[in-house]
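Notes follow the structure.
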Amino acid sequence: MPLISPLFDNVTTINYTLEWPHLENPSNTTFAGPTQIDICRCGGKNIDLEHIYTRYRCPRPKVRFTSPGEELWVLQAPLGQVNLLRPANEEEIRRSEEIGATAEPSAYAGKIFLLLTGPCPRGRYQAYATLQYLRSLPTAARQNVEYLSLLIQPYEEDCSDDQGGRAYIELARYILEEVPAFKSLYLNIWGEETRIGAREFAMLLWRDGVTIVVNWDWWGESSEEYTEINSFLHGIETGMVARGRVWEDARQEAGNGSTSTEDGGSEHDDEYNDDDEHNSEEGVSPGDELVDADEDATTPTRETETTSSEDDWSDALMTPLSPEGKNITEDSGWQVL
């Protein structure tokens with residue numbers, strides 16, 4: 010079992026699931042290569058009745074957040090298509106129980122929130138889920154949120170590595186407009202394929218007093234804090250994610266050997282064809298538009314990269330099982346499908 014990262018010792022985890030009401034095969038346990046192809050029947054404008062699901066054009070998934078009474082799962086280790094989760098310990102459960110419908114707005118201050126889910130073949134839509142979570146909070150509670158944490162790795166946002174940028178922009182803009190107490194964003198960058206997309210968060214540094222903390226490795230031994238846009242963009246551009254570090258090193262520490270993964274991707278395209286009606290249904294304002302990188306020198310820019318891609322993921326899925334009793338060990342509560 011991989012060892013737990015110290016990066017999440019003080020994180021408050023919020024579990025969520027994604028529901029795909031218009032897809033022909035909405036299963037979250039079926040993977041079909043690096044890009045998930047699904048027949049969608051959303052019937053949107055200028056879309057055939059049966060078409061391939063297209064993000065930002067078809068309706069996005071419905072996000073359901075687990076209730077306080079449901080079992081809490083936290084991150085044991087990231088593993089590409091499948092985040093390896095474990096049952097939360099008492100301290101982690103206590104932190105999550107401090108917030109909720111009956112909590113005082115002040116309870117949200119000082120906490121680092123991480124939105125987390127398990128296997129999702131189309132991508133986990135984490136930035137989008139984080140945005141929806143912020144929107145779901147009462148205004149007084151949202152105004153006390155100070156810290157957020159995001160995982161920047163393949164499949165965390167989308168099954169295609171080049172599709173996360175717009176979701177990052179939407180989240181960053183919402184934070185600037187609706188989260189006045191916000192102080193720091195923690196970016197855990199564990200994939201070269203998705204690293205460049207993280208530069209979209211540079212706009213957060215427009216606000217005085219906001220910082221972005223980048224964790225380049227699983228153990229928190231290589232972290233950088235940024236308060237200025239240009240230095241952040243330079244750090245993202247030149248930063249190096251150690252290949253296979255997150256999973257391989259964790260397995261080596263546990264004495265289980267090592268594995269190798271290689272993925273490639275390209276930077277996302279500016280041109281998205283949004284459907285205003287769908288966006289309105291999801292709570293996204295039809296007026297929201299992608300920030301043009303050429304309008305301001307300090308705004309994150311986009312460039313196209315083309316690299317090779319090889320899908321080395323195993324078809325076996327490791328999924329958590331509810332443990333029996335109160336004694337939880339690192340090797341309990343797991344099943345390989």
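Each residue of the sequence shown is one higher than the one before, counting from 10 in the working numbering. C-beta: ideal position from N, C-alpha, C; glycine also. Please read all numbers here as calculations on a predicted model, not as lab measurements.
- [ ] Inspect the beta-carbon positions of Val-72 and Glu-101 and report whether they are closer than 8 Å.
- [x] no
Open item on the list: Considering Cα atoms alone, identify which of Asp-226, Gly-173, Thr-148 and Asn-153 is closest to Phe-122.
Closed with: Of the candidates Asp-226, Gly-173, Thr-148 and Asn-153, the one whose C-alpha sits nearest the C-alpha of Phe-122 is Asn-153.
Task: Beta-carbon gap between Ala-118 and Glu-155 smaller than 8 Å - done: yes
- [ ] Along the beta strand (DSSP E) that carries Arg-73, what are the first and last residues, could you check?
- [x] 71–74
- [ ] If I'm right that Pro-130 touches Asn-37 with Cβ under 8 Å, what's the distance once you round it to whole angstroms?
- [x] 7 Å
- [ ] Using DSSP bridges, identify the partner residues of Val-20.
- [x] Answer is Ile-121.
Open item on the list: Below 8 Å, how does it come out for the stretch 158–165 and the stretch 134–145: are there three or more Cβ pairs, yes or no?
Closed with: The stretch 158–165 vs the stretch 134–145: in contact.
Task: For Gln-172, three-class secondary structure by DSSP - done: helix
TODO: Could you spell out the range, first to last residue, of the alpha helix (DSSP H) harbouring Gln-135?
DONE: Its alpha helix (DSSP H) spans residues 135–145.
Task: Range of the contiguous alpha helix (DSSP H) that encloses Thr-38 - done: Taken as a continuous stretch (DSSP letters only), Thr-38 belongs to no alpha helix (DSSP H), as it is neither H nor E.
Task: Classification of Gly-218 by the beta-carbon crowding that lies within 10 angstroms, buried from 16 upward - done: exposed
Task: Contacting residues, own chain, Cβ-Cβ under 8 Å from Pro-15 (five flanking each side not counted) - done: Trp-228 and Gly-229
Open item on the list: Taking a contact to mean a Cβ-Cβ separation below 8 Å, would you say Arg-204 touches Gly-248 in this structure?
Closed with: yes
TODO: Take Phe-241 and list the residues in its own chain whose beta-carbon comes closer than 7 Å to its own, dropping the five residues that flank it on each side.
DONE: Ala-211, Leu-214, Ile-221 and Tyr-235
Open item on the list: Rounded to the nearest angstrom, what separates Ser-331 and Gln-45 at their Cα positions?
Closed with: Any reading at Ser-331 needs caution, since the residue's pLDDT is 33, under 50, leaving its predicted position unreliable; the model's value is listed next. Looking at the two C-alpha atoms, the distance is approximately 28 Å.
TODO: Mind reading off the beta-carbon distance from Gly-244 to Val-223? Whole number of angstroms is fine, and I expect it under 8 Å.
DONE: 6 Å
Open item on the list: Suppose the cutoff is 6 Å on Cβ atoms and the five residues either side in sequence are ignored; what does the same chain contact list for Asp-167 look like?
Closed with: Gly-132 and Gly-173
Task: Cβ pair Leu-81, Thr-22 closer than 8 Å - done: yes
TODO: Rank Val-20, Tyr-62 and Tyr-25 by C-alpha distance to the C-alpha of Asn-34 and give the top, closest one.
DONE: Tyr-62
TODO: Return the residue from the list Cys-51, Ile-13 and Asn-19 that minimises the CA-CA distance to Arg-95.
DONE: With distances taken between Cα atoms, Arg-95 lies closest to Ile-13.
Open item on the list: Cutting at 6 Å between CB atoms, please list the residues of its own chain near His-31, excluding the five before and the five after it.
Closed with: Cys-49, Arg-50 and Cys-51
Open item on the list: Going by C-alpha to C-alpha distance, which of Ala-150, Pro-87 and Glu-233 sits closest to Leu-194?
Closed with: Glu-233
Task: Counterpart residues of Cys-49 in DSSP-defined beta bridges - done: Secondary-structure assignment with DSSP links Cys-49 through a beta bridge to Leu-32 and His-60.
Open item on the list: Glu-106 and Pro-87 - do their beta-carbons sit closer together than 8 Å?
Closed with: no
Task: Bridge partners - Tyr-195, DSSP secondary structure assignment - done: Ser-158 and Val-222
Task: For Val-188: DSSP bridge partner residues - done: Paired residues: none, contrary to the question.
Open item on the list: Could you compute how far the alpha carbon of Arg-144 sits from the alpha carbon of Ile-238?
Closed with: 26 Å
Open item on the list: Going by DSSP in three states, Tyr-65 sits in which element: helix, strand or coil?
Closed with: coil
Open item on the list: Just to confirm before moving on: does the CB-CB distance between Asp-170 and Glu-202 stay below 8 Å?
Closed with: yes
- [ ] Examine the ligand HEM and report whether any of its heavy atoms sits within less than 7 Å of the Cβ of Phe-122.
- [x] With respect to small molecules bound, the structure shown includes none, and the ligand HEM cannot be examined in it.
TODO: Give the C-beta separation of Leu-27 and Pro-70 to the nearest angstrom, bearing in mind that I take them to be a contact with Cβ-Cβ under 8 Å.
DONE: Confirmed, Cβ separation roughly 4 Å.
Open item on the list: Which residues does DSSP list as the beta-bridge partners of Arg-95?
Closed with: Val-83
Open item on the list: Can you find the residues in the same chain that come closer than 8 Å, C-beta to C-beta, to Lys-192, ignoring five residues on each side of it along the sequence?
Closed with: Correct list, in chain order: Glu-155, Tyr-156, Gly-218, Val-219 and Thr-220.
TODO: Identify every residue that forms a DSSP beta bridge with Ser-232.
DONE: Asn-224
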